[in-house]
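One structure is given below, encoded as structure tokens.
Residue numbers (this note's numbering): 191 to 347.
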């Protein structure tokens, strides 16, 4: 096996294990936040986070399969997260975690595609779609409005 290819695989495995540690942490964090979010305002958000928690565990399974397929050993380490007491701060922290996850996963897609592993890249792409949906749900819950970029008119001369 080409040394550069082997090194690239090791980098992907390392990155996937990092992603896996964060997915474990997210699943635990959301389950914990669900129990802490009280009041009618946060009831539907708590239910949503409970569903997100299940999704994160599903993502962990996908990552574990990819790591094993590449010849790696899936981590059992859980990334460290803090738990704010303020409900909105909890949600902001979760949202930032989503943005970070999307960024990491886009890097993973690039790495897989650079090696021609489009099937593995697609599995990560599917996770990104879910993470973006979660981010959108959280943005709505936090009242964050996205600024729409106006399309650019191109003129062909």
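The beta-carbon is built from N, C-alpha and C at its ideal position, and this holds for glycine as well.
Note that the structure is a prediction, hence the values are computed from the model and not measured.
Relative to the Cα of residue 207, the nearest Cα in the group 280, 265, 224 and 309 belongs to 265. Under the 8 angstroms Cβ criterion, the region 290-306 counts as touching the region 314-327, having at least three qualifying pairs. In terms of Cβ geometry, residue 211 and residue 304 do not form a close pair [threshold 9 angstroms]. In the displayed model, residue 320 falls within a helix according to three-state DSSP. With a threshold of 16 other beta carbon atoms within 10 Å, residue 327 meets it and is buried. Boundaries of the alpha helix (DSSP H) harbouring residue 200: 193-226, taken from the DSSP string. Between residue 216 and residue 255, the C-beta gap is not smaller than 9 angstroms, which leaves the two residues out of contact.
Here the alpha carbons of residue 249 and residue 202 stand approximately 16 angstroms from one another.
Check the Cα spacing between residue 279 and each of 243, 223 and 192: the tightest is with 223. Counting of Cβ neighbours within 10 angstroms places residue 267 among the exposed residues, the total staying below 16. For residue 283, the enclosing alpha helix (DSSP H) has its first and last residue at 277-304. Within 10 angstroms of the beta-carbon of residue 219 lie 16 or more other beta-carbons, which makes it buried.
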